[in-house]
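S.K.: In the order they appear, the protein sequences are chains A and B. The first sequence: position 6 = 17 (the numbering used here), numbered continuously. The second sequence: position 290 = 304 (the numbering used here), numbered continuously.
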Amino acid sequence: MRRKLKLSLDSDVTWKEISPGGVISEAGNAEKFKTGDWRSIRPVWIVEKCTQCMLCFPVCPDSSIPVDAEGKRTEFDFDHCKGCGVCAQVCPFDAIEMTEN
Amino acid sequence: MAYNLKEAVKRPERLTGGHRMCAGCGAPVVVRTILRAIKPEDHAVIGSATGCLEVSTCLYPYTAWKDSFIHSAFENAGATISGAEAAYNVMKKKGKIKGDIKFIAFGGDGGTYDIGLQSLSGAMERGHDMVYVCYDNGAYMNTGIQRSSATPTFADTTTSPAGSVIPGKTQLKKDLTLIMANHNIPYVAQSAPIGNFKDLHEKAEKAIYTPGAAFLNVMAPCPRGWRYDTPMLMQICKLAVDTCIWPLFEVENGKYKVNYKPKNKLPVEEFLKVQGRFRHMFKKGNEWMIEKFQKDIDEKWEMLLKLEG
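(1) Here's the rule: buried if 16 or more other CB atoms are within 10 angstroms of the residue's CB, otherwise exposed. What is MET12 (chain A)?
(2) Measuring only the C-alpha atoms, how far is GLY338 (chain B) from VAL59 (chain B)?
(3) Check this for me: beta carbons of TYR37 (chain B) and TRP49 (chain A), under 8 Å apart or not?
(4) Judging by CA-CA distance, which residue of B:ASP213, B:ILE48, B:PRO175 and B:ALA195 is the nearest neighbour of PHE117 (chain B)?
(5) Scan the stretch 21-50 of chain A for residues whose Cβ lies nearer than 8 Å to a Cβ of chain B and list them as they occur along the chain.
(6) Grab me the residues of MET109 (chain A)'s own chain with a C-beta within less than 8 Å of its C-beta, minus the 5 sequence neighbours each way, in chain order.
(7) Who are GLY65 (chain B)'s beta bridge partners in DSSP?
(8) Using only the alpha-carbon positions, how far apart do VAL44 (chain B) and TRP315 (chain B) sit?
(9) When the Cα atoms are used, what is the spatial distance from ASN112 (chain A) to THR244 (chain B)?
(10) By DSSP's criteria, ASN112 (chain A) is part of a beta bridge. Which residues make up the other side?
(11) When the cut-off is 8 Å and only beta carbons count, does LYS80 (chain B) lie next to chain A?
(12) Kindly indicate which residue of A:LYS45, A:SER22, A:CYS102 and A:PHE104 has the alpha-carbon position closest to the one of TYR76 (chain B).
(13) What do you reckon, are the CB atoms on HIS368 (chain B) and ALA16 (chain B) nearer than 8 Å?
(14) When you check each C-beta in the stretch 293-320 of chain B against every C-beta of chain D, which residues fall closer than 9 Å?
(15) At which residues does the beta strand (DSSP E) containing LYS271 (chain B) begin and terminate?
(16) Any C-beta of chain B sitting closer than 8 Å to the C-beta of ALA7 (chain A)?
(17) For a contact meaning CB atoms closer than 7 Å, what does THR64 (chain B) contact in chain A?
(18) Is the distance from the Cβ of GLY33 (chain A) to the Cβ of TYR74 (chain B) below 8 Å?
(19) Do LEU190 (chain B) and THR167 (chain B) have their C-beta atoms within less than 8 Å of each other?
(20) Which term fits THR25 (chain A), buried or exposed, when burial requires 16 or more other beta carbons within 10 angstroms of its beta carbon?
(21) Comparing C-alpha positions only, which one of B:ALA218, B:GLU264, B:ILE304 and B:TYR274 sits nearest to PRO281 (chain B)?
(22) How do the stretch 170-188 of chain B and the stretch 260-271 of chain B stand: do at least 3 beta-carbon pairs fall below 8 Å, yes or no?
(23) Tell me whether MET155 (chain B) sits in a helix, a strand or coil according to DSSP, three-state version.
(24) Name the chain B residues whose beta carbon is nearer than 7 Å to that of PHE68 (chain A)?
(25) Decide if LYS217 (chain B) is buried, meaning its Cβ has at least 16 other Cβ atoms within 10 Å, or exposed.
(26) Grab the span of the beta strand (DSSP E) containing PRO54 (chain A) for me, first residue to last.
(27) Going by DSSP in three states, CYS148 (chain B) sits in which element: helix, strand or coil?
(28) So, does the stretch 150-167 of chain B touch the stretch 91-108 of chain B, judging by three or more C-beta pairs under 8 Å?
(29) Quick check on CYS102 (chain A) - is its C-beta less than 8 Å from some C-beta in chain B?
(30) So is TRP260 (chain B) buried or exposed if we call it buried at 16+ other beta carbons inside 10 Å?
(31) I'd like to check one pair, ALA41 (chain A) with HIS57 (chain B): are the Cβ atoms closer than 8 Å?
(32) In chain A, which residues lie with their C-beta within 9 Å of the C-beta of GLU216 (chain B)?
(33) Identify, in the order they occur along the chain, each residue of the same chain with its Cβ nearer than 6 Å to the Cβ of ALA176 (chain B), setting aside the five sequence neighbours on each side.
(34) Give, in chain order, every unbroken run of the alpha helix (DSSP H) that is at least 4 residues long and sits entirely within the stretch 187-260 of chain B.
(35) State the beta-bridge partners of HIS294 (chain B) as determined by DSSP.
(36) By a C-beta neighbour count over all protein chains shown, 10 Å radius and 16 as the cutoff for buried, is SER133 (chain B) buried or exposed?
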């Protein structure tokens with residue numbers, strides 16, 4: 012028996028809409044949950060200053076610095092970036108600036 | 015293969031965004047790095063002791079984990095993952111499972127140093143082929159910053175409030191990495207997110223691909239509990255290492271190796287002064303606290319150098 016997982020859990024959700032055992036079968040579906048609206052400051056990527064040294068990539072707690080197939084970073088994932096500013100702090104080339112959201 | 019950050023970034027992301035850890039939290043940074051050390055073709059079974067990481071990455075109906083994840087209780091992450099590993103061995107023998115699966119347990123310091131210590135000790139002693147990773151943020155951050163046995167001396171927490179009665183936590187921090195090293199397991203290491211993450215990545219790789227039980231103790235700063243500005247995550251880690259408060263070392267088959275000896279060992283004040291939880295140590299009349307803290311750190315550092323031999 013497979014029930015369809017209800018993604019929006021509101022107060023009128025019934026047990027029939029919850030998977031048995033609370034199993035979540037879709038790995039990594041937290042991507043659908045946007046945490047970008049937590050942000051009060053916003054990182055701006057200054058492409059001209061960026062040397063693709065990649066030091067910003069591993070420090071992101073929210074996996075919000077996507078990397079393409081060649082291993083180059085691309086624009087921030089603003090759906091999930093919480094604006095912590097750690098990336099801007101570690102950038103040796105001042106290629107990330109924090110601004111008002 | 016030698017570590018290369020530009021190659022490491024091409025590995026698949028195994029922890030997605032959209033989890034509910036605080037902005038600037040150290041734990042997901044640690045977890046991402048450890049999961050990056052898994053070969054892309056291998057699958058992982060991950061369990062987590064109750065803590066920020068567990069409750070924030072796996073909120074029904076969402077999971078931030080791309081690998082199999084088991085929601086465990088506070089005290090039994092070690093037992094849960096060792097049981098899964100034992101089941102896997104039997105199924106593999108019977109030919110029911112193909113491919114390689116790696117077993118990793120994550121726990122905060124509360125779930126590792128304190129509440130989960132018995133199940134961790136048992137799992138390590140039985141020698142399951144698994145890695146237990148403790149992300150040490152030095153208190154029960156998830157429930158509101160209560161002191162744990164990993165909280166440093168003098169730290170101000172809600173259950174060791176610094177004031178006129180007590181000077182913050184009065185006890186010493188438990189040395190869990192050495193306790194685990196004395197389980198005589200093949201690999202034990204202490205690490206932190208530093209620089210280009212070479213240290214943590216290499217240790218994670220060794221821990222995951224060394225047959226038998228392995229233990230990693232990784233510092234994971236908590237901006238809320240340590241009371242510092244979120245962008246400072248990496249500076250805090252660097253200061254912890256440069257002051258020898260959090261030495262980077264590994265114990266491979268009983269052989270100690272200190273991986274980083276700062277050329278210029280900084281005074282502990284450098285680490286303490288940037289965090290609100292130690293602010294009271296800088297008040298007039300409290301100089302003895304800093305002196306004692308420095309003395310304790312120096313003694314431990316000397317002991318570690320002696321162990322290395």
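Glycine included, each C-beta is placed from N, C-alpha and C at the ideal position. Quick caveat, the model's predicted, so the values are computed rather than measured.
M.R.: In this structure, then:
(1) Residue placement at MET12 (chain A) cannot be trusted, given a pLDDT of 48 that sits under 50; what the coordinates show is reported in the next sentence. The residue in question, MET12 (chain A), is exposed, as its Cβ has fewer than 16 Cβ neighbours within 10 Å.
(2) An answer regarding residue 338 (chain B) cannot be provided, because it is not within the stretch 15 to 323 covered by chain B.
(3) First, the residue type needs correcting, since residue 37 (chain B) is Ala and not Tyr in the sequence shown. Yes, the Cβ-Cβ distance between ALA37 (chain B) and TRP49 (chain A) is below 8 Å.
(4) B:ILE48
(5) Those residues of the stretch 21-50 of chain A that come within reach of chain B (Cβ to Cβ, closer than 8 Å) are ILE29, SER30, GLY33, ILE35, GLU37, ALA38, GLY39, ASN40, ALA41, GLU42, LYS43, PHE44, LYS45, THR46, TRP49 and ARG50.
(6) ILE52, ARG53, PRO54, VAL55, GLY94, GLY96 and ALA99
(7) GLY65 (chain B) pairs with nothing; no bridge assigned.
(8) 24 Å
(9) Between the C-alpha atoms of ASN112 (chain A) and THR244 (chain B) there is a straight-line separation of about 16 Å.
(10) In DSSP, ASN112 (chain A) forms no bridge with anything.
(11) At least one chain A Cβ lies under 8 Å of LYS80 (chain B).
(12) A:LYS45
(13) Nothing about residue 368 (chain B) can be reported from this structure: the residues present for chain B run from 15 to 323 only.
(14) The chain inventory of the structure shown lacks chain D, comprising the protein chains A and B.
(15) For LYS271 (chain B), the enclosing beta strand (DSSP E) begins and ends at 269-272.
(16) An answer regarding residue 7 (chain A) cannot be provided, because it is not within the stretch 12 to 112 covered by chain A.
(17) Those within 7 Å of THR64 (chain B) in chain A number zero; the least Cβ separation is about 15 Å.
(18) yes
(19) No, the pair does not count as a contact, with Cβ atoms beyond the cut-off.
(20) exposed
(21) B:ILE304
(22) Touching, no.
(23) coil
(24) VAL23
(25) buried
(26) 52-56
(27) strand
(28) no
(29) no
(30) buried
(31) no
(32) Those within 9 Å of GLU216 (chain B) in chain A number zero; the least Cβ separation is about 13 Å.
(33) ASP170, GLY182 and HIS294
(34) Fully enclosed alpha helix (DSSP H) runs of 4 or longer: 190-195, 212-223, 237-240 and 247-256.
(35) According to DSSP, HIS294 (chain B) bridges with nothing at all.
(36) buried
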